[in-house]
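Colleague: Chains as they are written, first to last, in this note's numbering: chain B, 277 to 391; chain E, 13 to 129. Starting off with a structure, shown below.
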Amino acid sequence: DVKVTQSSRYLVKRTGEKVFLECVQDMDHENMFWYRQDPGLGLRLIYFSYDVKMKEKGDIPEGYSVSREKKERFSLILESASTNQTSMYLCASSLPTGWSNQPQHFGDGTRLSIL
Amino acid sequence: AQSVTQLDSQVPVFEEAPVELRCNYSSSVSVYLFWYVQYPNQGLQLLLKYLSGSTLVKGINGFEAEFNKSQTSFHLRKPSVHISDTAEYFCALERVNSGAGSYQLTFGKGTKLSVIP
Chain B
277 DVKVTQSSRY LVKRTGEKVF LECVQDMDHE NMFWYRQDPG LGLRLIYFSY
327 DVKMKEKGDI PEGYSVSREK KERFSLILES ASTNQTSMYL CASSLPTGWS
377 NQPQHFGDGT RLSIL
Chain E
13 AQSVTQLDSQ VPVFEEAPVE LRCNYSSSVS VYLFWYVQYP NQGLQLLLKY
63 LSGSTLVKGI NGFEAEFNKS QTSFHLRKPS VHISDTAEYF CALERVNSGA
113 GSYQLTFGKG TKLSVIP
């Protein structure tokens with residue numbers, strides 16, 4: 277089974293801090309994704325990466341950056357955390373398009389609170 | 013641009029009753045369609061997917077969905093629900109041939125299913 281592990285289930289930070297959310301997958305997937313989930317808004321894509329050192333903006337990239345130095349690890353960075361970034365963050369991974377349309381596999385999420 | 017609309021934000025249903033969660037989509041190109049389930053304090057799990065072929069798709073836990081191209085719908089059904097089905101359900105689409113190296117999903121806003129004993 278694919279396992280996507282997010283380093284923290286719950287995280288509390290202060291406004292202005294630099295925050296790192298880490299995600300590791302163990303299935304050698306090329307694609308990795310970061311979403312945020314808010315009540316009534318569903319999942320919105322922040323950034324995704326289809327290869328090491330490659331990244332693409334999703335629908336809501338403002339205030340975030342990402343890093344993918346190794347294939348198995350995809351980090352989400354909040355450069356200067358603000359209260360409107362309080363949310364649930366979900367990481368996912370998948371094989372690339374063309375591989376029998378393998379679905380995205382999700383981690384359990386990090387619930388981040390910015391005070 | 014593509015979009016997914018889940019018509020009900022909350023659906024309460026009695027145990028052992030049937031349920032239908034509605035999903036409509038909009039896209040100018042062909043799509044693949046998915047239903048995911050999220051149990052409390054967990055990530056999303058794939059329930060089922062429609063890629064091509066038979067329009068009736070069967071998934072895990074007794075769920076099924078029917079793809080209707082003319083009505084641009086992909087409604088999720090279960091003939092008899094259990095307490096353990098209480099969760100949030102997300103409909104999602106991927107555009108066919110969405111680009112080399114990418115696999116982007118567009119999600120609906122979710123439907124919370126509450127099964128009442």
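Yeah, the Cβ is synthetic: ideal placement off N, Cα and C, and Gly gets one too.
1. Under the assumption that E/Gly122 contacts E/Glu106 (Cβ atoms under 8 Å), give the Cβ distance between them as a whole number of angstroms.
2. Tell me which same chain residues have a C-beta within less than 8 Å of the C-beta of E/Gly113, skipping the five on either side of it?
3. When you compare the CB of B/Pro337 with every CB in chain E, is at least one pair closer than 8 Å?
4. So E/Gln18 packs on E/Gly120, CB below 8 Å; how close in whole Å?
5. Could you please give the first and the last residue of the uninterrupted beta strand (DSSP E) stretch that includes E/Lys90?
6. Taking C-alpha atoms, which residue in E/Val108, E/Ser96, E/Leu45 and E/Gln116 lies nearest to E/Val127?
7. Candidates E/Leu56, E/Tyr51 and E/Phe46: which alpha carbon is nearest E/Leu68's?
8. Would a C-beta distance cut-off of 8 Å place E/Phe86 and E/Cys35 closer than the cut-off?
9. Buried or exposed: B/Thr359, going by 16 or more other Cβ atoms within 10 Å of its Cβ?
10. Contact criterion: CB-CB distance below 8 Å. Does E/Gln116 meet it with respect to chain B?
11. Between B/His381 and B/Ser389, how many whole angstroms is the CB-CB distance? I'm expecting something under 8 Å.
12. For E/Ala29, is the classification buried or exposed, using 16 other Cβ atoms within 10 angstroms of its Cβ as the cut-off for buried?
13. Sort out for me which residues DSSP pairs E/Phe46 with in a bridge.
14. Just the Cα atoms here: how many angstroms apart are B/Arg290 and B/Lys346?
15. Measuring only the C-alpha atoms, how far is E/Lys90 from B/Glu293?
Modeller: Once the coordinates are examined:
1. Here residue 122 of chain E refers to the residue found at position 110 of the second sequence. Here residue 106 of chain E refers to the residue found at position 94 of the second sequence. Contact between E/Gly122 and E/Glu106 does not hold, since the beta-carbon distance rounds to 18 Å and is not under 8 Å.
2. Position 101 of the second sequence holds residue 113 of chain E. Confidence at E/Gly113 is low in this model, with a pLDDT of 46, below 50, so its placement is unreliable and the value that follows should be read with caution. Cβ neighbours of E/Gly113 beyond the five flanking positions: none.
3. On the first sequence, position 61 is the one that residue 337 of chain B refers to. B/Pro337 does not count as touching chain E.
4. Here residue 18 of chain E corresponds to residue number 6 of the second sequence, with the count starting at 1. Here residue 120 of chain E corresponds to residue number 108 of the second sequence, with the count starting at 1. Beta-carbon to beta-carbon, E/Gln18 and E/Gly120 are separated by about 4 Å, close enough to satisfy the 8 Å threshold.
5. Residue numbering aside, residue 90 of chain E sits at position 78 when the second sequence is read from its first letter. E/Lys90 -> beta strand (DSSP E) spans Ser85 to Lys90.
6. Residue 127 of chain E sits at position 115 when you count from the first residue of the second sequence. Residue E/Ser96 holds the alpha-carbon nearest to the alpha-carbon of E/Val127 among E/Val108, E/Ser96, E/Leu45 and E/Gln116.
7. Working through the second sequence from its first residue, we reach residue 68 of chain E at position 56. Answer by Cα proximity: E/Phe46.
8. As a working note, residue 86 of chain E is residue 74 in the second sequence. As a working note, residue 35 of chain E is residue 23 in the second sequence. Contact: yes.
9. Position 83 of the first sequence, counting from 1, holds the residue named residue 359 of chain B. B/Thr359 counts as exposed, since fewer than 16 other C-beta atoms from the protein chains shown sit within 10 angstroms of its C-beta.
10. By 1-based counting over the second sequence, the position of residue 116 of chain E is 104. Output row for E/Gln116: interface = yes.
11. Counted from its first residue, the first sequence places residue 381 of chain B at position 105. Counted from its first residue, the first sequence places residue 389 of chain B at position 113. The Cβ separation is near 26 Å, so there is no contact.
12. If you number the second sequence from 1, residue 29 of chain E lands on position 17. So E/Ala29 counts as exposed.
13. Locating residue 46 of chain E in the second sequence gives position 34, counting from the first residue. In the DSSP assignment, the residues bridged to E/Phe46 are E/Lys61 and E/Ala104.
14. As a position in the first sequence, residue 290 of chain B is number 14, starting the count at 1. As a position in the first sequence, residue 346 of chain B is number 70, starting the count at 1. The straight-line gap from Cα to Cα measures roughly 29 Å.
15. Taking the second sequence and counting its residues from 1, the one referred to as residue 90 of chain E is at position 78. Taking the first sequence and counting its residues from 1, the one referred to as residue 293 of chain B is at position 17. When the Cα atoms are used, E/Lys90 and B/Glu293 turn out to be separated by approximately 46 Å.
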